[in-house]
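A quick write-up on the structure given underneath.
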Amino acid sequence: RKHPLEIPPPSEEDWLKENEEDFFLQDPDRKRDALPQPFRMINKLVMLVFENAMEIIERREMLREAQKLKVQPAKCFPTAEFQVTGRANCLAVSGKYVFVGLSVGLYAFKVSDCKEVCAWDAVKTEICAIHALDLGSERHILLAVDEMGLVWLFCFHKESFLLIKILNEMEDISKRSTCVEVVLSPGGDYAGVLLQGNTKAWLEIYRLPKDSWLKETEQNPGAAAGLACRERRTSWTSAADIFLLQESPLSANKADAKLSLPVLLLKVKPPKPITGSSFKSPVDALKKVDDGSMLGLGYNHLIKDSQWEQQEAIFCSTYREYLEAEGERESKEEIPRRATSHFLLPSRILQVGPEMKVQPDVAAGISVHWDGSHNLCLYLLNRPLKEKLDSDPKPDVVWPCAAPIACSAVSSCSRYLALACEDATITIWDKHLGYPLSVTAILEERLIRSIHFL
């Protein structure tokens, strides 16, 4: 080397420019500098929107994956369709028949092929509710409620309807009561009808003579065939699988067959409110009290009319708001009360006398509880018929509850009874043993409207 190694002086080309002084703080992937305001704020908002959208998409994908892991219920599609005359309001299945209540009457169809077998439309009344039960020997009992609240009792035998009786028919329309609910006992031995008048409600229990109906229909089979039915021709459309029912010009003939009428067994009314005492007047109550805290009994007191008016004015001015609320309550008519009833098979809680025969599959009693009542009342059905019906029968067994009963249910085997009270407490009773199995209180105070056994 001719001369020593020296560091060359910096040249002007190597000098850092003003905009490159913070190059080590910048992202190398960004080829451009940061956006100026307000574009940076807009950029942040757009990125935030995209991030939130991605979170929502991921959450929905997770829910979709979790839904796929669950067992999917099988989808059932109708195998056939049929059209009827009028509007279908209700239906009931009994044995191999389906009974449909329409706006023009009552119709019966076969379950196997959905073909119409009989129609009852002589009165052209709208059926709103149907309860049907198979009695065996190709006989079915039907309770139909029409739009006017009348209860029609039918016997269906050999694909024809036979009208037995209208249970709540009255000649005077002003005294007619409407049906609120209908209950049939297991086996069809009894029927309960909850009726409602203008200012009151009551429950009627009927004994159905189904054994007599069996004998009467066997002895007179021809009369049962000429019932108030109308045959219809059924046309089949194979392409669309639709049954079209066309009315036949045949006229409906009223049946001359007569069956035994049901017998009114009980007429249960709402319980009367519990009063503090049985005294008829305050004077009677004062006579029973002798503690020296009163002067006289009110016989020889002289009070002027002006004193009564002044006292009444003071009382009305002091308790005006309470009197207005009480006046509105008194002005309204008494609201009819609703009852829930269940037919019960024989058990230990229904103590039947030794002189009465009890069958294990025939209802021995009925449980009734009214809205707002704490008591579950049990009435025995195996009682002798009286010439004069008891207007206010007393319950044979009373179960008091801590709170008003909201709803109740009976298991299919008729052994277990569930009571749900307004304090959100559910009690399961074993009727055969006569003691509660479990008591469940819902933590959150909620009103239980219905309860069912699965």
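Numbering (my numbering), first residue to last: 129 to 582. Glycine residues also receive a C-beta, built at the ideal position from the N, C-alpha and C atoms.
Residue range of the unbroken beta strand (DSSP E) whose run includes residue i
i, result
"E309", "T306 to L312"
"N503", "N503 to L508"
"C529", "Where C529 is concerned, there is no enclosing beta strand (DSSP E), given that its DSSP letter is neither H nor E."
"Y318", "Y318 to Q324"
"C549", "Y544 to C549"
"R335", "A329 to R335"
"V490", "No beta strand (DSSP E) contains V490, which DSSP labels as neither H nor E."
"F289", "F289 to I294"
"P564", "Y563 to A569"
"K395", "V391 to V396"
"S469", "A467 to L472"
"D611", "Since the first residue shown for the chain is 129 and the last is 582, residue 611 is missing from the structure and cannot be characterised."
Identity of the residue in the options nearest residue i by Cα
i, options, result
"T207", "I579, S240 and Y450", "S240"
"C541", "M190, P314 and S302", "P314"
"D520", "F227, R465 and K395", "K395"
"L387", "T568, E134, K397 and S340", "S340"
"W498", "I442, K400, V567 and S539", "K400"
"C256", "K286, T327, R215 and E266", "R215"
"L312", "E299, I333 and K328", "I333"
"H285", "K559, E346, L389 and Y544", "E346"
"E254", "G233, C246 and A260", "G233"
"Y318", "E275, E299, L389 and L176", "L389"
"W330", "L336, A534 and S305", "S305"
"G316", "E193, L295, I184 and R267", "R267"
"L561", "S475, L571 and V221", "S475"
"W523", "I533, L508, A537 and Q439", "Checking the displayed sequence, the identity of residue 523 turns out to be Pro instead of Trp. Checked all of I533, L508, A537 and Q439; the closest Cα to P523 is L508."
"R543", "A569, P532, I556 and A534", "I556"
"I477", "V251, C218, K303 and P564", "P564"
"S302", "N326, L392 and E437", "N326"
"G264", "L342, P532 and K196", "L342"
"I258", "K243, C242, V221 and C246", "V221"
"K397", "E440, Q487, T213 and V496", "V496"
"A534", "R335, G500, Q435 and V567", "G500"
"K559", "A569, A492, L571 and I570", "A492"
"Y225", "S231, N217 and Y235", "Y235"
"K243", "Q439, E287 and E134", "E287"
"R511", "K203, L392, T568 and C444", "L392"
Span of the alpha helix (DSSP H) around residue i
i, result
"T345", "K338 to Q347"
"E186", "F167 to L197"
Supposed close pair residue i, residue j - CB separation, criterion 8 Å
i, j, result
"A623", "G223", "Nothing can be reported for residue 623, as the shown portion of the chain is limited to 129 through 582."
"W248", "F289", "4 Å"
"A260", "F227", "5 Å"
"L472", "I494", "7 Å"
"C283", "I294", "In fact, because the Cβ distance is near 14 Å, the residues do not count as touching under 8 Å."
"E537", "F581", "First, the amino acid is wrong: residue 537 is Ala here, not Glu. The Cβ separation is near 6 Å, so the contact holds."
"T245", "K238", "Residue 245 is actually Val in this sequence, not Thr. Indeed, because the Cβ distance is near 6 Å, the residues count as touching under 8 Å."
"L219", "I269", "Not quite, the Cβ-Cβ distance comes to about 16 Å (not below 8 Å), so this is no contact."
Residue i: CB within 7 Å of a non-hydrogen atom of the ligand ADP
i, result
"L393", "Of the ligands one can find in the structure shown there are none, so the ligand ADP has no counterpart to examine."
CB contact check: residue i to chain B, cutoff 8 Å
i, result
"G214", "Judged by its chain identifiers, the structure shown contains no chain B, having just a single protein chain."
> For the region 522-537 against the region 494-508, are there 3 or more C-beta pairs whose distance is under 8 Å?
Replying inline: The region 522-537, when compared against the region 494-508, does touch it at the 8 Å Cβ threshold.
> Residue ranges of each beta strand (DSSP E) run of no fewer than 3 residues wholly in the region 200-281, ordered along the chain?
Replying inline: Runs of the beta strand (DSSP E) lying entirely within the region 200-281, each at least 3 residues long, are 209-211, 216-222, 225-230, 234-238, 244-248, 255-264 and 267-274 in chain order.
>> For the region 445-453 against the region 267-281, do three or more pairs of beta-carbon atoms, one drawn from each stretch, fall closer than 8 Å, so that the two count as touching?
In response: Cβ pair count under 8 Å is below three, so no.
> Does the pairing of the region 567-576 with the region 546-558 give three or more beta-carbon distances under 8 Å?
Replying inline: Judged by Cβ distances under 8 Å, the region 567-576 makes contact with the region 546-558, as three or more pairs qualify.
> Does the pairing of the region 317-331 with the region 463-479 give three or more beta-carbon distances under 8 Å?
Replying inline: The region 463-479 and the region 317-331 touch, with three or more beta-carbon pairs separated by less than 8 Å.
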